[in-house]
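Student: Numbering (our numbering), first residue to last: 424 to 946.
Here it is, the structure, as structure tokens.
Below, the structure is given as structure tokens:
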């Protein structure tokens, strides 16, 4: 309890007594459940980094509530009749925070760094795999040619977040201070970082897009890893926005007293949760074992007892609100009888009657890594552990800081690890499931299936959405059968916002998509 108390005391000291020095009527206090790993948009891999980056850097396009691409830095663009050549013309009024104009040189430099292994842009590089060239036409016009048609091409360039060549080309890309204090192009700059506690962003005085200039002058992002602490901070006024646990949503957020002070929002993004299974592991390489694990997850119990029916079980790699989702794929039923039979068939028998199955002198013992602060994830892990114990499987749970989880995933040094995906609007699954992405991509589990490879490649070449849906429906079927992951839930995003904040309208793009319109009510 001392550690919890210390955190609470520090919280009060910084944002209670010291509130007047950090927060005023033009400041909004938001929260992050994990600390951003980097503020370099090329190297960022996690949603916490990308959230802050979205305030500091602009992308070539932005998206609206309906998931439409709206030109931002781009003045105009065209696509050739064979869908292989894209030409973009940049606006001439875009400026970096230091006043230097953004030009095509910045675009080409950013592309070169994404495709350079030094940047470790594993979640981005695959979408540029088929680019034949990126050519400068003039300072504000560039052309991209693909070796063959690529259906998600526009999205890959729409979400490109340029970095300033004149800043980074003089620096060590991995260690530069600009990975924490960027010279960005967005409406805010990073003024202060207190590691593990908070980040302070202030509105730039010379933001180039006066049509989208935000109203709020300062943002404080608090790092609150414990969702209970985060929710309590909202209730006492130390934050203006917080995620809400399902139990608090049901028991507190719907009460009259809470609704008088806060607006509540429930919405679904393209996020899913799952457990990744390292297919190079001696135990997990056996499909029979993976299927036994799938039959051992009581999703209905978890849905009711942990999520209070505010999450939906998923059967595969696409969430229900993705157009690639296949509703005809059946999930694995919870059946310890089937799980036991599969383990017997795989040769895992408890030969010494110690309660744990064994095979060739090796115990059926598996480690599951769960990020610290993932309260629901830890609860799911504990339920899973007790269930597996009933069929002779020993599950060891290891809780790690998020930074260590990402390093473990990146190095592929895990048996099983629980985390979530935030998927793109275009559901192209190549990056995650194609066998070419196992070493320098985000196919972290060494999954390889020739048919899935073929389908992923085919889905990139066809522009007809209905035909692509058929392809990805088949991908869904195969991956659910192969089980490189144990797919868990699509959880509703539950958020509480102080009524002094006007303007939030969350939807599939998230809650911050229209942040520039938000205002703060004066006391």
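Every residue gets a Cβ at the ideal spot worked out from N, C-alpha and C, and that includes glycine.
Could you check whether residue 918 and residue 642 sit closer than 9 Å to each other, using their CB atoms as the reference points?
Tutor: As a working mapping, residue 642 is identified with position 219 in the chain shown. As a working mapping, residue 918 is identified with position 495 in the chain shown. Contact: no.
Student: May I have the straight-line CA-CA distance separating residue 766 from residue 715, to the nearest angstrom?
Tutor: As a working note, residue 766 is residue 343 in the chain shown. As a working note, residue 715 is residue 292 in the chain shown. Cα to Cα, the separation comes out at about 6 Å.
Student: Under the three-state reduction of DSSP, which class applies to residue 556: helix, strand or coil?
Tutor: The count along the chain shown starts at 1 and reaches residue 556 at position 133. Strand, per DSSP.
Student: Do we get a CB-CB distance below 9 Å when we pair residue 934 with the residues of chain B?
Tutor: The structure shown contains no chain B; it is built from a single protein chain.
Student: I need the straight-line Cα distance from residue 770 to residue 706, nearest angstrom please.
Tutor: Stepping through the chain shown from its first residue, residue 770 is reached at position 347. Stepping through the chain shown from its first residue, residue 706 is reached at position 283. One C-alpha to the other measures close to 11 Å.
Student: Which value, in whole angstroms, describes the spacing of the CA atoms of residue 504 and residue 577?
Tutor: The residue given as residue 504 occupies position 81 in the chain shown. The residue given as residue 577 occupies position 154 in the chain shown. Residue 504 and residue 577: Cα-Cα distance of roughly 14 Å.
Student: Reducing DSSP to helix, strand and coil, say where residue 843 ends up.
Tutor: Working through the chain shown from its first residue, we reach residue 843 at position 420. Residue 843: strand per DSSP, three-state reduction.
Student: Where do the N-terminal and C-terminal ends of the alpha helix (DSSP H) with residue 682 fall, by residue?
Tutor: Within the chain shown, residue 682 is the residue found at index 259, counting from 1. Residue 682 -> alpha helix (DSSP H) spans 679 to 684.
Student: For residue 553, I'd like the list of residues in its chain whose CB is within less than 8 Å of its CB, leaving aside the five on either flank, ordered along the chain.
Tutor: Your numbering for residue 553 matches position 130 in the chain shown. If we look at residue 553 and ignore the five residues flanking it on each side, its Cβ neighbours are 569, 570, 571, 573 and 883.
Student: Helix or strand or just coil, what does DSSP make of residue 569?
Tutor: Translated into the one-based positions of the chain shown, residue 569 becomes position 146. Reduced to three states, the DSSP call for residue 569 is strand.
Student: Leaving aside the five residues before and after residue 857 along the sequence, list all residues of the same chain whose C-beta is less than 7 Å from its C-beta, in chain order.
Tutor: Along the chain shown, read from residue 1 onward, the residue named residue 857 stands at position 434. For residue 857, where only same-chain residues beyond five positions count, the Cβ hits under 7 Å are 866, 876 and 879.
Student: Cα-Cα, which of 637, 674 and 638 is closest to residue 654?
Tutor: Taking the first residue of the chain shown as position 1, residue 654 is located at position 231. Answer by Cα proximity: 674.
Student: Tell me the DSSP secondary structure of residue 494 in three-state form.
Tutor: Within the chain shown, numbered from 1, the residue matching residue 494 stands at position 71. It is a strand residue.
Student: Cβ of residue 688 within 9 Å of Cβ of residue 927?
Tutor: Counted from its first residue, the chain shown places residue 688 at position 265. Counted from its first residue, the chain shown places residue 927 at position 504. Against a cut-off of 9 Å, the Cβ pair of residue 927 and residue 688 comes out as a contact.
Student: Identify the residues that DSSP records as bridge partners of residue 602: which are they?
Tutor: The sequence position of residue 602 within the chain shown is 179, counting from 1. Answer is none; residue 602 lacks a bridge partner.
Student: Please classify residue 682: is it buried, with 16 or more other beta-carbons within 10 angstroms of its beta-carbon, or exposed?
Tutor: What you label residue 682 is simply residue 259 of the chain shown in a count that begins at 1. By the 10 Å Cβ count, residue 682 comes out exposed.
Student: Would residue 886 be called buried (16 or more neighbouring beta carbons within 10 Å of its own) or exposed?
Tutor: Locating residue 886 in the chain shown gives position 463, counting from the first residue. The residue is exposed, with fewer than 16 neighbouring Cβ atoms inside 10 Å.
Student: Could you give the DSSP three-state label for residue 705: helix, strand or coil?
Tutor: By 1-based counting over the chain shown, the position of residue 705 is 282. Coil at residue 705, not helix or strand.
Student: Counting C-beta neighbours from all protein chains within 10 Å, is the total for residue 669 16 or more, i.e. buried, or is it exposed?
Tutor: As a working mapping, residue 669 is identified with position 246 in the chain shown. Answer is buried; the Cβ neighbour count reaches 16.
Student: Using DSSP bridges, identify the partner residues of residue 821.
Tutor: Position 398 of the chain shown, counted from the first residue, corresponds to residue 821. The partner list for residue 821 (beta bridge, DSSP) reads 792.
Student: Using the Cβ count rule (16 or more neighbours within 10 Å means buried), how would you classify residue 864?
Tutor: Your numbering for residue 864 matches position 441 in the chain shown. That one is buried.
Student: What three-state label does DSSP hand residue 769 in the structure shown?
Tutor: Taking the chain shown and counting its residues from 1, the one referred to as residue 769 is at position 346. Reduced to three states, the DSSP call for residue 769 is coil.
Student: Is the beta carbon of residue 806 sitting closer than 9 Å to the one on residue 699?
Tutor: As a first step, residue 806 is located in the chain shown; it is residue number 383 there, counting from the start. As a first step, residue 699 is located in the chain shown; it is residue number 276 there, counting from the start. It is not a contact, given that the beta carbons lie outside the stated cut-off.
Student: At the level of alpha carbons, what is the spacing between residue 826 and residue 946?
Tutor: Counted from its first residue, the chain shown places residue 826 at position 403. Counted from its first residue, the chain shown places residue 946 at position 523. One C-alpha to the other measures close to 39 Å.
Student: Could you name the residues that DSSP lists as bridge partners for residue 910?
Tutor: Taking the first residue of the chain shown as 1, we reach residue 910 at position 487. For residue 910, which the question treats as bridged, DSSP gives the partners 697.
Student: Please say whether residue 468 and residue 539 have beta carbons closer to each other than 9 Å?
Tutor: Within the chain shown, the letter at position 116 stands for residue 539. Within the chain shown, the letter at position 45 stands for residue 468. In this structure, residue 468 does not lie closer than 9 Å to residue 539 by Cβ.
Student: Quick one: complete alpha helix (DSSP H) runs, 4+ long, within the stretch 606 to 689?
Tutor: Entirely contained in the stretch 606 to 689, the alpha helix (DSSP H) runs reaching 4 residues are, in chain order, 650 to 658 and 679 to 684.
Student: Can you give the Cα-Cα distance for residue 923 and residue 520, rounded to whole angstroms?
Tutor: For the purposes of this step, residue 923 is identified with residue 500 of the chain shown, where counting begins at 1. For the purposes of this step, residue 520 is identified with residue 97 of the chain shown, where counting begins at 1. Their backbone Cα atoms lie some 30 Å apart in a straight line.
Student: Provide the residue span of the alpha helix (DSSP H) that contains residue 875, from first to last.
Tutor: Taking the first residue of the chain shown as position 1, residue 875 is located at position 452. Start and end: 873 to 884.
Student: Whether or not the stretch 718 to 730 and the stretch 746 to 765 are in contact is what I'm after, with contact meaning three or more pairs of Cβ atoms, one per stretch, closer than 8 Å; do they touch?
Tutor: Segments in contact, yes.
Student: Determine whether the beta carbon atoms of residue 482 and residue 581 lie at a separation below 9 Å.
Tutor: Numbered from its first residue, the chain shown carries residue 482 at position 59. Numbered from its first residue, the chain shown carries residue 581 at position 158. Contact: yes.
Student: Taking all protein chains shown into account, do 16 or more other C-beta atoms lie within 10 angstroms of the C-beta of residue 703, making it buried, or fewer, making it exposed?
Tutor: For the purposes of this step, residue 703 is taken as the residue at position 280 of the chain shown. Exposed is the call here.
Student: For residue 562, which residues of its own chain have a beta-carbon under 7 Å away from its beta-carbon, when the five flanking residues on both sides are left out?
Tutor: In the chain shown, residue 562 corresponds to position 139, counting from 1. For residue 562, where only same-chain residues beyond five positions count, the Cβ hits under 7 Å are 526 and 527.
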